[in-house]
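Using my numbering, the final residue of the sequence shown is 74, and nothing's skipped along the way. Worksheet: one structure, shown below.
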Amino acid sequence: VGIVLMTFVPEGLVAVTIGHKGRLIQRIKEETGVSVIINQRVRDMSFRSTYATGSPKQLSKACSIMYDTLEQ
Numbered sequence: 003v004g005i006v007l008m009t010f011v012p013e014g015l016v017a018v019t020i021g022h023k024g025r026l027i028q029r030i031k032e033e034t035g036v037s038v039i040i041n042q043r044v045r046d047m048s049f050r051s052t053y054a055t056g057s058p059k060q061l062s063k064a065c066s067i068m069y070d071t072l073e074q
């Protein structure tokens with residue numbers, strides 16, 4: 003068991019977060035070893051909840067990859 007990091011992703015950035023055909027999520031999983039879950043859309047909600055589970059070091063690296071991607 004590791005630490006669970008819950009975040010909220012704006013609905014407009016979900017596709018970027020997942021990546022084309024899930025490639026970004028897969029890359030994050032492979033490079034960091036974290037488990038990532040992005041929940042399904044909830045009607046009338048402007049954000050989606052996401053969960054990443056891993057060690058602090060793994061989660062830090064996963065967040066870094068994700069933030070770098072979102073900044074581009």
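Glycine is no exception: its CB is placed at the ideal position from the N, C-alpha and C atoms.
Which of helix, strand or coil DSSP assigns to residue i
i: M8; result: strand
i: G56; result: strand
i: G21; result: coil
Beta-carbon separation (whole angstroms), residue i vs residue j, contact threshold 8 Å
i: S66; j: A54; result: Not quite, the Cβ-Cβ distance comes to about 12 Å (not below 8 Å), so this is no contact.
i: I39; j: T19; result: That pair is no contact at about 12 Å.
Residue i burial status per 10 Å Cβ neighbour count (16 or more: buried)
i: M47; result: exposed
i: A64; result: buried
Beta-carbon spacing of residue i, residue j below 8 Å
i: G56; j: T71; result: no
Practice item. With a floor of 3 residues, list each beta strand (DSSP E) that falls wholly inside the segment 23 to 55, ordered by position along the chain. Key: 37 to 40
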